[in-house]
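Per numbering that gives the first Met the number 0, residue 0 is the first one in the sequence shown, and the count goes up by one each step. Backbone N, C-alpha and C fix where the C-beta goes; we use that ideal spot for every residue, glycine too. The structure presented is a predicted model; accordingly, all values stated were derived computationally and were not measured.
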Amino acid sequence: MATWSKNNIACADTWIFLKALGQLNQVFSKSGAIKVEDLAFWNESASPELINIAVKTICQQLDNMFRMIDKALFEKGVTVDNAINSMVGAFLKKGNTVADVAEVVDKKYFFQGERIDE
Numbered sequence: 000m001a002t003w004s005k006n007n008i009a010c011a012d013t014w015i016f017l018k019a020l021g022q023l024n025q026v027f028s029k030s031g032a033i034k035v036e037d038l039a040f041w042n043e044s045a046s047p048e049l050i051n052i053a054v055k056t057i058c059q060q061l062d063n064m065f066r067m068i069d070k071a072l073f074e075k076g077v078t079v080d081n082a083i084n085s086m087v088g089a090f091l092k093k094g095n096t097v098a099d100v101a102e103v104v105d106k107k108y109f110f111q112g113e114r115i116d117e
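Below, the structure written as structure tokens:
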């Protein structure tokens, strides 16, 4: 599992926005270990196509929230399609956790207040 820390903006934002979207209801400290297939969108009786549509919609919403609410920018070389598709891949991989998704988010978005690593 990826590092899950309230001091990491990508972790905090991934958690609060998934909570706002009704995908999870756990407190922050317990949310990093939640498997993606335990989020609200994952329905074992839904077709793979429906799950894919739900995931893409969630990822587009997260992208909007990161960029419009938090004023996050893309990391160098990242495009909107690249960021969204990377999140989609993380959400669709059974066994991944919310922390794993946040790790992908951290690699694709630069959040205000983050240190610039040179």
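Item                                                                                                                 : Value
Helix or strand or just coil, what does DSSP make of residue 34?                                                     : strand
Does the Cβ of residue 92 have 16 or more other Cβ atoms within 10 Å, making it buried, or fewer, making it exposed? : exposed
On the three-pair Cβ rule with 8 Å, is the stretch 82-100 touching the stretch 47-63?                                : yes
Specify, as a first and last residue, the run of the alpha helix (DSSP H) that residue 16 falls within.              : 8-19
Can you tell me where the alpha helix (DSSP H) with residue 88 in it begins and where it stops?                      : 79-91
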